[in-house]
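Student: Sharing a structure, written as structure tokens. Questions coming.
2 protein chains.
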Amino acid sequence: MVNYPSKLLEKAVEEVSRLPGIGRRSAMRLVLHLLRQEKEQTLALAEALATLRSEVHYCRECHNISDSELCEVCANPRRDHAMVCVVQTIEDVMAIEATQMYRGVYHVLGGVISPIDGIGPRDLEIESLMQRIRRDNIREIILALSPTMEGDTTGFYIFRQIQALMPSAGEEIQDSVEGVHRPMPKVTVLARGIAQNDELQYTDEITLGRALAGRTEMK
Amino acid sequence: MVNYPSKLLEKAVEEVSRLPGIGRRSAMRLVLHLLRQEKEQTLALAEALATLRSEVHYCRECHNISDSELCEVCANPRRDHAMVCVVQTIEDVMAIEATQMYRGVYHVLGGVISPIDGIGPRDLEIESLMQRIRRDNIREIILALSPTMEGDTTGFYIFRQIQALMPSAGEEIQDSVEGVHRPMPKVTVLARGIAQNDELQYTDEITLGRALAGRTEMK
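So the sequence lines, in the order shown, correspond to chains A and B.
Numbering that gives the first Met the number 0 applies: residue 0 is where the first sequence begins, and numbers increase by one.
Numbering that gives the first Met the number 0 applies: residue 0 is where the second sequence begins, and numbers increase by one.
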């Protein structure tokens, strides 16, 4: 049982040690660092955290984090708004943006369906995705979800939901606003295979099996 | 080069990644956690850090962290004020308090003499220690410093400073206030030896050599 020489210190250590992956010892080390550095620096940290939490927005279209109602990607007319990449998290958007290979827009689900964690479709931004598909002229939905059981389940659930938008016979969906019919968007998933610079001998058998099955011809 | 979807997010990640041992990726993970948890929780963290940095005191006697001008140890009449344990940091005070084996008071130097880091005696609370020795009736000074070159150097420096307080011939020091002479305090250092539960074969040779030289008789 640690006896803190200061209640303020104890409170700060307690709050910091609530952070994931930070135990009491690390929290103590961090807090003492904050005490020793310039006062302005510590106040700037506290301010940045409070401001972020109080003033942050989530884009009304794609639900990515944003400083305004519409995020920079959704507000950009030079992005391809007919191509929507469905991801789990904000980090995934940042990872894909970092590739500089994608010119479409996003839709952040906020997670994946996971019965074990009590997360169902209603806890995710799936209904808002369906609204976008009904409302906008979307050519392609890219499911960029985790290559896990939960990611695959979520992707399949969304695919079935999109299919359900189609009139029973044709291959068109009814526009929710104008009542016109339009083609169902193409639904794609990210390629599975061995990762760049991974060593073949250490690649797990499912990945290797899929990489074999999905082999492409050299040209 | 990461492109942040939000300036507030970028600012928060930047501030968090200034913390020691926390890189950009960890900072991002922590900040997104702060975004996802209850707003009150994040504001409580920010508040605790800002309050700590703004309102914390350092004990005017021992320089330990404190919520008031005099820390709980120094303000406690049941502690032995004639025994002063000299330590480097607040953490050291907490570690010694946790042993529940010490009933004296402390003096926190704030570090050790380290020419490489540009830390000299004047950067530490050494002069204030000398003032306490001149002013108070101190029976024993325990040097509880790191068992390193810097710790040893600092301990030896303090020992010489205390010796210098003595009149050239006798073994007494002159009281700064009342002008009376009193005996020089005993100066002790922590025992060096093998640590509890350490394996002998992995103990370094200096430690093992000192443990041999300082062996005690079983009774």
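Cβ atoms here follow ideal geometry from the backbone N, Cα and C, with glycine treated the same way.
Computed from a prediction, not measured in an experiment: that's the story for all the values here.
#1: Taking only the alpha-carbon atoms, compute the straight-line gap between A210 of chain B and D91 of chain B and give it to the nearest angstrom.
#2: Of all Cβ atoms in chain A, is any one closer than 8 angstroms to the Cβ of R52 of chain B?
#3: Exposed or buried, what is G119 of chain B when buried is set at 16 or more other beta-carbons lying within 10 Å of its beta-carbon?
#4: Measure from the C-beta of H62 of chain A to each C-beta in chain B and report whether the shortest distance is under 8 angstroms.
#5: Check whether the segment 58-68 of chain B touches the segment 33-48 of chain B, counting contact only when three or more Cβ pairs, one atom from each stretch, lie closer than 8 angstroms.
#6: Identify the continuous beta strand (DSSP E) that holds K185 of chain A and give its terminal residues.
#7: For chain A, find out if any of its Cβ atoms is closer than 8 angstroms to the Cβ of H106 of chain B; answer yes or no.
#8: What number of angstroms, rounded off, separates the C-alpha of A94 of chain B from the C-alpha of D79 of chain B?
#9: Can you say whether K10 of chain A is buried or exposed, counting buried as having 16 or more other CB atoms within 10 angstroms of its CB?
#10: Between H80 of chain A and chain B, is the shortest Cβ-Cβ distance under 8 angstroms, so that the two count as touching?
#11: Quick one: does M93 of chain A have its CB under 8 angstroms from some CB of chain B?
#12: Between L33 of chain A and the rest of its own chain, which residues show a CB-CB distance below 6 angstroms, the 5 nearest in sequence each way excluded?
#13: Under three-state DSSP, which class holds V135 of chain B?
#14: Going along chain B in order, which residues have a C-beta closer than 9 angstroms to the C-beta of R4 of chain A?
#15: With a threshold of 16 other CB atoms inside 10 Å of the CB of Y3 of chain B, please say whether the residue is buried or exposed.
#16: Using 8 angstroms as the threshold, is the C-beta distance between E14 of chain A and A47 of chain B below it?
#17: Short of 7 angstroms in beta carbon distance, which residues of its chain neighbour F158 of chain B, apart from the five on each side in sequence? Order them along the chain.
#18: At 4 residues or longer, what runs of the alpha helix (DSSP H) sit wholly inside the segment 89-163 of chain B?
#19: Buried or exposed, going by whether 16 or more other CB atoms sit within 10 Å of the CB of A81 of chain A?
#20: Take every Cβ of the segment 126-145 of chain B, pair it with every Cβ of the segment 183-203 of chain B, and state whether three or more of those distances are shorter than 8 angstroms.
#21: At a Cβ threshold of 8 angstroms, is A194 of chain B touching chain A?
#22: Under the rule that 16 or more other beta-carbon atoms within 10 Å means buried, what is M27 of chain B, buried or exposed?
#23: Along the chain, where does the beta strand (DSSP E) that runs through H80 of chain A open and close?
#24: Roughly how many angstroms separate the alpha carbons of K218 of chain A and L51 of chain A, rounded to a whole number?
#25: Would you mind giving the Cβ-Cβ distance between L144 of chain B and Q87 of chain B, rounded to the nearest angstrom? I have them listed as a contact below 8 angstroms.
Tutor: Working from what's here:
#1: 23 angstroms
#2: yes
#3: exposed
#4: no
#5: no
#6: 185-188
#7: Chain A contact via Cβ: absent.
#8: 18 angstroms
#9: buried
#10: no
#11: True, the Cβ-Cβ gap to chain B drops below 8 angstroms.
#12: T41
#13: At residue 135 of chain B the sequence reads Asp, which differs from the Val that was named. Here D135 of chain B sits in coil by DSSP.
#14: Position check: residue 4 of chain A holds Pro in this sequence, whereas Arg was assumed. C58, N63, I64, S65, D66, C70, E71, V72, I89, V92, M93, E96, listed in chain order.
#15: buried
#16: yes
#17: V186
#18: 89-98, 125-134, 148-163
#19: exposed
#20: yes
#21: no
#22: Buried, because 16 or more other Cβ atoms sit within 10 Å of the Cβ of M27 of chain B.
#23: 79-86
#24: Near 50 angstroms, if we compare the C-alpha coordinates of L51 of chain A and K218 of chain A.
#25: 6 angstroms
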